[in-house]
Amino acid sequence: MTDLLTELPLVAILRGVTPARIEGVAATLFEAGIRTIEVPLNSPEPFRSIEILAKAYGERCLTGAGTVLEPADVDRVAGAGGRLLVTPNTNPAVIRRGVEKNLVVMPGFYTPSEAFAAIAAGARTLKLFPAATAGTAHLKALLAVLPKDVPVYAVGGVGAGNMKEWRRAGAAGFGMGADLFKPDYSDDEIAARARQSVAAFRAAG
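Pasting the structure below:
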């Protein structure tokens, strides 16, 4: 499952997406090369959207949930066929439950203490959030002490325009929300944004 992240470490965050629209948006992103899709649980009927994604893409795409706050929601994500679990915070109970369910767990953290707590709970990928307020110097300092085999994704305020500086600082990949998707974006606009983001990542080296 993590091979899809390694292939192109960009996570599309579809906050506000509806079940009626999820398949079309996902197809647009997939065509642009994106293989990891997150449906935040504060979206309309998120578990239905996750179920639709799981049935449509199977192992061709790593799909699942974001903004997961409770262990009970982990069970619902897994039950819907989700294989990705993203959180905005460091909750060891949520992380451990995701690991037990064999999901790819990407917990949010901001400090070294939170990062090491997430790793101790079983996380093998981390999400620096919100990255914009942390800055690249913060990431560099964190990476000096974190295990080298635990990739850190920068999420929140990172997009096509500043990927290069974050990559230079050591970010393994990125989660992108409004840079890729808002409910009022047309499919054509989403396609253009997705292509721009993929190109920017590849150019960032």
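To convert, count from 1 in the sequence shown and add 460; that's this note's numbering. Backbone N, C-alpha and C define an ideal beta-carbon position, used for all residues, glycine too.
- Here E498 carries a strand assignment [DSSP, helix/strand/coil].
- DSSP, reduced to helix, strand and coil, places T523 within a strand of the structure shown.
- Under the DSSP assignment, F634 falls in the beta strand (DSSP E) whose first and last residues are 633 to 636.
- Residue G541 holds the alpha-carbon nearest to the alpha-carbon of K515 among F490, A525, G541.
- Boundaries of the alpha helix (DSSP H) around V485: 479 to 492.
- Following the DSSP letters along the chain, one finds Y613 inside the beta strand (DSSP E) bounded by residues 612 to 615.
- Spanning the alpha carbons of S509 and V499 requires a straight line of approximately 7 Å.
- L545 is bridged by DSSP to A525, V565.
- Taking one beta carbon from each stretch, the stretch 543 to 551 and the stretch 511 to 531 have 3 or more pairs nearer than 8 Å; the two touch.
- Around the CB of V605, fewer than 16 other CB atoms lie within 10 Å, so the residue is classed as exposed.
- Note on D609: under 16 other CB atoms within 10 angstroms of its CB, so exposed under the neighbour-count rule.
- In the displayed model, V537 falls within a helix according to three-state DSSP.
- Beyond the five residues adjoining it in sequence on each side, E467 comes within less than 7 Å, by CB distance, of R495 in the same chain, given in chain order.
- Of the other Cβ atoms in all chains shown, 16 or more fall within 10 Å of the Cβ of P469; this residue is therefore buried.
- Judged by DSSP secondary structure, K642 falls outside any alpha helix (DSSP H); it is assigned neither H nor E.
- L464 is the residue among F507, T478, L464 whose C-alpha sits nearest the C-alpha of F490.
- The residue from V485, Y517, E625 with its alpha-carbon nearest to that of F661 is E625.
- Here S657 is buried. Its C-beta has 16 or more other C-beta atoms within 10 Å.
- The DSSP-derived three-state label of V658 is helix.
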